[in-house]
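J.:
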Amino acid sequence: MHFARRLQLKLSKVYYEGVVSRTHSLRCALATKRRLALSAPLLYCTFIQYTSAPMPHDNKPAPEDLHPSLWRASQLARSSTRVVDTGHPVLGHQLPGGGWPTASMVELLCAQNGGGELRLLAPVLAAAGQRRVFMIQPPHTPNALALAAMGLNPSQIVWVQPERTGDALWAAEQTLKAAGAAVVMLWATHARSDSLRRLNLAAAETAGLFFLFRPLAAAQDPSPSPLRLAIRPAANGISVEFLKRKGPVKEAGIFLPLSPLFNQRHASVDRHSPAPITDRGLRALVE
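Residues are numbered in the working numbering as their position in the sequence shown, beginning at 1, plus a constant of 138.
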């Protein structure tokens, strides 16, 4: 009886140790499996990093190839339309496409009227050939001698001087839609956002250039124009600040030297300035 009791105790101890051993093994196996599961992503990433060949960047398409309205923020965008040489290499280097964009509204915000904005555009005005150049609501009467010094024949200038700003905006919109002008220049002190959108849409229908001159204070107002420049007079030239462009932000402005117009040689011209046309005359001209 005593022997049987001892045998029973011994068998119970062996059974208990076996159960404990199997439980410990199971716990170790689960812990190992858990560690492998946690380290698998790290091992996979390490394997990919050191065994896979890097993807060449040249295979990535340029944003402009995906859509013409896309561009890298660190680079100047390509121009989706034809551009015209500015005649100022320093300026052209900072513009998308390297020049003034056609079929687009270019906004020039001037610190003062007559501070060099026309001399800035003298190269493109001279390149107009015999095509018409529209000057709508300029702050001063166009001077025939100054126009001739820029290479323009006063007969190709169409001077529109409405009494109201609304009429000037209408005249510019109709002129742009007619798409027959080489250059359209509009001076507008006040312009609502809806009027600016209409002008921007009308500019897209022309193959020429459209420049909108506004006061420098308008820089704080939103505008649909893709290119906005601030112009300030400086000694022997002007300073140009890039307020908006399709490309990286340029904090510092640039200086453009401009020669006085009347120091240049020019042909003899009629000293009479072109007479302004009426709204009825403009309608007959553009239709």
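The beta-carbon is built from N, C-alpha and C at its ideal position, and this holds for glycine as well. Source: prediction; values computed, not measured.
1. On the three-state DSSP scale, how would you describe Val262?
2. If the criterion is Cβ atoms closer than 8 Å, does the pair Gly346 and Ala319 meet it?
3. Our contact map puts Thr344 next to Ala241 with C-beta atoms below 8 Å; I'd like the distance itself, whole angstroms only.
4. Whole-angstrom Cβ separation of Gly289 and Leu247, contact assumed at under 8 Å?
5. If you draw a straight line from the alpha carbon of Ala286 to that of Ser293, how long is it in whole angstroms?
6. Looking only at C-alpha atoms, which of Gly225, Gln268, Trp325 sits nearest to Asp305?
7. Please find out if some non-hydrogen atom of the ligand ZN comes closer than 7 Å to the beta-carbon of Phe393.
8. Under 6 Å Cβ to Cβ from Asp428, same chain only, skipping five residues before and after it: list those, please.
9. Compare the Cα-Cα distances from Trp308 to each of Ala282, Arg335, Leu283, Asn291 and report the closest residue.
10. How many Å lie between Ser331 and Ala355 at the Cα?
11. Straight-line CA distance for Pro395 to Ala368?
12. Would you kindly check if the distance between the Cβ of Lys384 and the Cβ of Pro234 is under 8 Å?
13. Considering just the uninterrupted stretch of the beta strand (DSSP E) at Ser377, what are its terminal residues?
14. Alpha carbon to alpha carbon, how far is Pro353 from Gln268?
15. At 3 residues or longer, and completely inside the region 274–327: list those beta strand (DSSP E) runs for me, N to C.
16. Per DSSP, which residues does Val222 bridge with? Please list them.
17. Taking 8 Å as the limit between beta carbons, can you name the residues of its chain near Thr327, skipping five residues before and five after?
18. The alpha helix (DSSP H) spanning Arg336 covers which residue range?
T.: Inspection of the coordinates gives the following:
1. On the sequence shown, residue 262 is found 124 positions in, with the first residue counted as 1. In this structure, Val262 counts as helix in the three-state DSSP scheme.
2. Start at 1 with the first residue of the sequence shown, and residue 346 comes out as number 208. Start at 1 with the first residue of the sequence shown, and residue 319 comes out as number 181. Contact flag set, yes.
3. Residue numbering aside, residue 344 sits at position 206 when the sequence shown is read from its first letter. Residue numbering aside, residue 241 sits at position 103 when the sequence shown is read from its first letter. Indeed they touch by this definition, with Cβ atoms about 6 Å apart.
4. If you number the sequence shown from 1, residue 289 lands on position 151. If you number the sequence shown from 1, residue 247 lands on position 109. Your pair Gly289 and Leu247 does not check out as a contact, with CB atoms roughly 26 Å apart and the cut at 8 Å.
5. On the sequence shown, residue 286 is found 148 positions in, with the first residue counted as 1. On the sequence shown, residue 293 is found 155 positions in, with the first residue counted as 1. Their backbone Cα atoms lie some 10 Å apart in a straight line.
6. As a first step, residue 305 must be located in the sequence shown, where it is residue number 167. Of Gly225, Gln268, Trp325, the residue nearest in Cα terms is Trp325.
7. No copy of the ligand ZN appears in this structure; indeed no ligand is present at all.
8. Nothing about residue 428 can be read from this structure; the chain reaches only from 139 to 425.
9. The residue labelled residue 308 in the question sits at position 170 within the sequence shown. Considering only alpha carbons, the answer is Arg335.
10. The residue labelled residue 331 in the question sits at position 193 within the sequence shown. The residue labelled residue 355 in the question sits at position 217 within the sequence shown. Between Ser331 and Ala355, the C-alpha separation is close to 15 Å.
11. Mapped onto the sequence shown, residue 395 falls at position 257. Mapped onto the sequence shown, residue 368 falls at position 230. Cα to Cα, Pro395 sits roughly 16 Å from Ala368.
12. To locate residue 234, count along the sequence shown from 1; it is residue 96. To locate residue 384, count along the sequence shown from 1; it is residue 246. Contact flag set, yes.
13. On the sequence shown, position 239 is the one that residue 377 refers to. That run of the beta strand (DSSP E) goes 375–382.
14. Within the sequence shown, residue 353 is the residue found at index 215, counting from 1. Within the sequence shown, residue 268 is the residue found at index 130, counting from 1. Rounded to whole angstroms, Pro353 to Gln268 spans 30 Å at the Cα level.
15. 295–298, 319–325
16. Indexing the sequence shown from 1 puts residue 222 at position 84. Looking at the DSSP assignment, Val222 forms a beta bridge with Trp238.
17. Within the sequence shown, the letter at position 189 stands for residue 327. Contacts found: Thr303, Arg352, Pro353.
18. Residue numbering aside, residue 336 sits at position 198 when the sequence shown is read from its first letter. Segment 331–341, the alpha helix (DSSP H) holding Arg336.
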